[in-house]
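Number of protein chains: 2
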Amino acid sequence: MEMAKGLTASLEDYLEAIYHIIAEKEAVRAKDISRRLKVSGASVTGALRSLAEKRLVNYAPYDVITLTAEGGRLAKEVVRRHEVLRDFFVKVLAVEEKAANEVACQMEHIVSKEILERFIQFTEFVEVCPRGGSKWIAGFGYYCDHTGAMENCERCLQLALEEARKAKREGGHEMARSAKLSELKPGQRCRVVKLSARGETSKRLAQMGVTPGAVVEVERVAPLGDPIDIKVKGYHLSLRKEEALGVEAEVIEP
Amino acid sequence: MEMAKGLTASLEDYLEAIYHIIAEKEAVRAKDISRRLKVSGASVTGALRSLAEKRLVNYAPYDVITLTAEGGRLAKEVVRRHEVLRDFFVKVLAVEEKAANEVACQMEHIVSKEILERFIQFTEFVEVCPRGGSKWIAGFGYYCDHTGAMENCERCLQLALEEARKAKREGGHEMARSAKLSELKPGQRCRVVKLSARGETSKRLAQMGVTPGAVVEVERVAPLGDPIDIKVKGYHLSLRKEEALGVEAEVIEP
DNA sequence: GAAAGAAGTTCGGCAGGCCTAATAATATAT
DNA sequence: ATATATTATTAGGCCTGCCGAACTTCTTTC
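Here the protein sequences line up with chains A and B, keeping their order. Residues in the first sequence are numbered consecutively from 1, following my numbering. Residues in the second sequence are numbered consecutively from 255, following my numbering.
Put into structure tokens, the structure is as follows:
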């Protein structure tokens, strides 16, 4: 009667917790999980057995706990959902981190692939669209704090207007400055314009979501610029420099 | 051990279903509930007993089912949460109705008061802010369909810019035309400017959320303009004409 | 007004998830 | 090396929420 897909919300939480503990310390002990999820040790044992049965964790009584390949994949997916939702709440709805995490932790079990996609696109759109952008979000924050304060909308519009004009002056159309992905700095965001890599690499990039039009955020760049950590569509990826070289992008100014 | 507040997600669903069935037909039979929620009759009986114990429904075996005052209040609150979330998904994230309802039905049990508030404010803000508005949302729809299509952003901005200028020309500042709430037509939205009603009425209005700054949508106006159905902060209200007369508002153009 | 049919109820069962208390294994200290 | 503390595991229970099957109570229909 084992259904192949479809973990329960609770098991997803355990998987997620294990993933995070692994990221923080070497070994995962049941105690860590029970502390993190605020459940008794007995419950952890039970969940672990369930997960082991589904071949998502390597588990033997009194032994260290690790994720199987499949388990790691699933855990990463859950974490991704969590982060996408949390980002939406924090960046778009201006909810404080703690509350955002709480609600994301519940929602991560119920949003469908399609709707998650929408959240990603929307958060992206709001941050990237010239009519949106960080100033607009700040406006929303203001709107929330001062019930329905729209008085300074005039000023806000004026600013957006001036910015748009300026952008126009600088180049005829609002073309952002173009660059290789490998030249960007942490924190910068860009839109992929073209993949100029060869077959194998470009295929791998495309599979990961790095396609023309996609918004990419650079998270970390190692000292010599070799592994470059980026975030695309909620996925954290690590690119080799030669891969990043093959990605033409245009910088999105904040 | 009875905890006064905090219904389970499942019981909220039953309450919601009963509320909707009451709105549709005269009597509520267990059968209707089981059909609507896709559960067996036995489950309905169980839930009904639970709800009766909590004094939320009037229930006696083989008898008709009704909501108590408290039950009605709670049911309305659940429905409100559902509608607020569904509206957000439909109006802002451009999710199709069916999928929006499904996710709203899950989320309604997990979003906190504060975050629900945010969803309301955000949906409002997006629809009302001169930098947002329906055209901007349409832009998001376009963005979703054509992965990351920002090419026509220039045109979009141009339009917003012109509109802003036009608004400026017509009156020095972007003051919308002012009116009494009672003069609006169904579908129109407005922002409350001032309550000029006397003590008792204004107090009731304020309690319901009709306060300066609030966005009000007119839903229905009865033939002689007497009960006027409006929506404020997700609440459906019915106002007497004399109450609506005491509300000064400025129309928000779509 | 009796019989058929529909609707509602009770009963026992099952799965998920959590708990406490008791027990077993491992790690640490003397 | 034994005693102690920590950590895991088992065992047994509780609660929610669902189900099917059997039984009861309406409601209709003839």
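Cβ atoms here follow ideal geometry from the backbone N, Cα and C, with glycine treated the same way.
Simplified DSSP assignment, three categories, for residue 80 of chain A
Within the first sequence, numbered from 1, the residue matching residue 80 of chain A stands at position 80. Note: residue 80 of chain A maps to helix in three-state DSSP.
Are residue 340 of chain B and residue 354 of chain B touching if we call contact CB-CB under 9 Å?
Here the question's residue 340 of chain B lines up with position 86 in the second sequence. Here the question's residue 354 of chain B lines up with position 100 in the second sequence. Yes; because the gap between Cβ atoms is below 9 Å, this pair is in contact.
Roughly how many angstroms lie between the CA atoms of residue 44 of chain A and residue 33 of chain A, to the nearest whole one?
Residue numbering aside, residue 44 of chain A sits at position 44 when the first sequence is read from its first letter. Residue numbering aside, residue 33 of chain A sits at position 33 when the first sequence is read from its first letter. Each residue's Cα considered, the two are about 7 Å apart.
Check whether the Cβ of residue 356 of chain B lies closer than 9 Å to any Cβ atom in chain A.
By one-based count along the second sequence, residue 356 of chain B stands at place 102. Cβ-Cβ to chain A under 9 Å: yes for residue 356 of chain B.
So, are the CB atoms of residue 37 of chain A and residue 56 of chain A less than 9 Å apart?
Reading the first sequence from its first residue, position 37 is the one you call residue 37 of chain A. Reading the first sequence from its first residue, position 56 is the one you call residue 56 of chain A. Against a cut-off of 9 Å, the Cβ pair of residue 56 of chain A and residue 37 of chain A comes out as no contact.
Do you know whose CA, among A:46, A:120, A:237 and A:51, lies nearest residue 208 of chain A's CA?
By 1-based counting over the first sequence, the position of residue 208 of chain A is 208. By alpha-carbon distance to residue 208 of chain A, the top candidate from A:46, A:120, A:237 and A:51 is A:237.
Any C-beta of chain A under 9 Å from that of residue 270 of chain B:
On the second sequence, position 16 is the one that residue 270 of chain B refers to. Any Cβ of chain A closer than 9 Å to the Cβ of residue 270 of chain B would place that residue at the interface, and such an atom is absent.
Strictly under 9 Å for the Cβ-Cβ distance: is residue 425 of chain B near chain A by that measure?
Reading the second sequence from its first residue, position 171 is the one you call residue 425 of chain B. Note that residue 425 of chain B scores a pLDDT of 47, beneath 50, so its modelled location is shaky and nothing firm can be said.
Which value, in whole angstroms, describes the spacing of the CA atoms of residue 231 of chain A and residue 210 of chain A?
Within the first sequence, the letter at position 231 stands for residue 231 of chain A. Within the first sequence, the letter at position 210 stands for residue 210 of chain A. If I take the Cα positions, the gap works out to 10 Å.
Listed by chain order, chain A residues near residue 349 of chain B by CB distance under 9 Å
Position 95 of the second sequence, counting from 1, holds the residue named residue 349 of chain B. Within 9 Å Cβ-Cβ: 114, 115 and 118.
What does DSSP give as the partner residue(s) for residue 444 of chain B in the beta ladder?
Taking the first residue of the second sequence as 1, we reach residue 444 of chain B at position 190. Looking at the DSSP assignment, residue 444 of chain B forms a beta bridge with B:470 and B:505.
Beta-bridge pairing of residue 261 of chain B - partner residues as DSSP gives them
For the purposes of this step, residue 261 of chain B is taken as residue 7 along the second sequence, with counting starting at 1. DSSP lists no partner for residue 261 of chain B.
Of all Cβ atoms in chain B, is any one closer than 9 Å to the Cβ of residue 99 of chain A?
As a working note, residue 99 of chain A is residue 99 in the first sequence. True, the Cβ-Cβ gap to chain B drops below 9 Å.
Going along the chain, which residues of its own chain have a beta-carbon closer than 6 Å to the beta-carbon of residue 381 of chain B, five neighbours each way excluded?
Walking along the second sequence from the start, residue 381 of chain B turns up at place 127. Within the same chain, residue 381 of chain B has no close Cβ partners at all.
Using a Cβ-Cβ distance under 9 Å, would residue 208 of chain A count as near chain B?
The count along the first sequence starts at 1 and reaches residue 208 of chain A at position 208. At a cut-off of 9 Å between C-beta atoms, residue 208 of chain A does not count as an interface residue with respect to chain B.
Limits of the unbroken alpha helix (DSSP H) element including residue 32 of chain A
Locating residue 32 of chain A in the first sequence gives position 32, counting from the first residue. Start and end: 30-37.
Exposure of residue 242 of chain A, with buried meaning 16 or more beta-carbon neighbours within 10 Å:
Position 242 of the first sequence, counting from 1, holds the residue named residue 242 of chain A. It counts as exposed.
In angstroms, rounded to a whole number, what distance separates the CA positions of residue 18 of chain A and residue 373 of chain B?
The residue given as residue 18 of chain A occupies position 18 in the first sequence. The residue given as residue 373 of chain B occupies position 119 in the second sequence. Taking the straight line from one Cα to the other gives about 32 Å.
Whose Cβ in chain A lies nearer than 7 Å to the Cβ of residue 360 of chain B?
The count along the second sequence starts at 1 and reaches residue 360 of chain B at position 106. Going along chain A in sequence order, the residues near residue 360 of chain B (Cβ under 7 Å) are 110.
Thinking C-alpha only, which one of B:263, B:276, B:279 and B:438 is nearest residue 493 of chain B?
Indexing the second sequence from 1 puts residue 493 of chain B at position 239. Checking every option, the nearest Cα to that of residue 493 of chain B belongs to B:438.
In whole angstroms, give me the CA-to-CA distance for residue 469 of chain B and residue 227 of chain A.
Sequence index remark: in the second sequence, residue 469 of chain B carries index 215 (1-based). Sequence index remark: in the first sequence, residue 227 of chain A carries index 227 (1-based). Rounded to whole angstroms, the separation of the alpha carbons of residue 227 of chain A and residue 469 of chain B is 50 Å.
Counting beta carbon pairs with one atom in the segment 359-368 of chain B and one in the segment 261-270 of chain B, are three or more of them shorter than 8 Å?
The segment 261-270 of chain B makes contact with the segment 359-368 of chain B; the number of CB pairs closer than 8 Å reaches 3 or more.
Starting from residue 380 of chain B, trace the alpha helix (DSSP H) both ways and give me its first and last residue.
Against the second sequence, residue 380 of chain B aligns to sequence position 126. First-last of the alpha helix (DSSP H) with residue 380 of chain B: 367-382.
Taking residue 475 of chain B as the reference, which of B:498, B:459 and B:489 has the closest Cα?
Against the second sequence, residue 475 of chain B aligns to sequence position 221. Here the closest residue by C-alpha is B:498.
Please confirm if residue 92 of chain A has its CB atom under 9 Å from at least one CB of chain B.
Along the first sequence, read from residue 1 onward, the residue named residue 92 of chain A stands at position 92. Yes, its Cβ sits closer than 9 Å to a Cβ of chain B.
For residue 493 of chain B, which residues does DSSP report across the bridge?
Reading the second sequence from its first residue, position 239 is the one you call residue 493 of chain B. Answer is B:482.
With residue 206 of chain A as the anchor, note down where its alpha helix (DSSP H) starts and where it stops.
Mapped onto the first sequence, residue 206 of chain A falls at position 206. Start and end: 199-207.
Among B:316, B:358 and B:330, whose alpha-carbon lies nearest the alpha-carbon of residue 322 of chain B?
Counting from one through the second sequence, the residue named residue 322 of chain B turns up at place 68. Nearest option by C-alpha distance: B:330.
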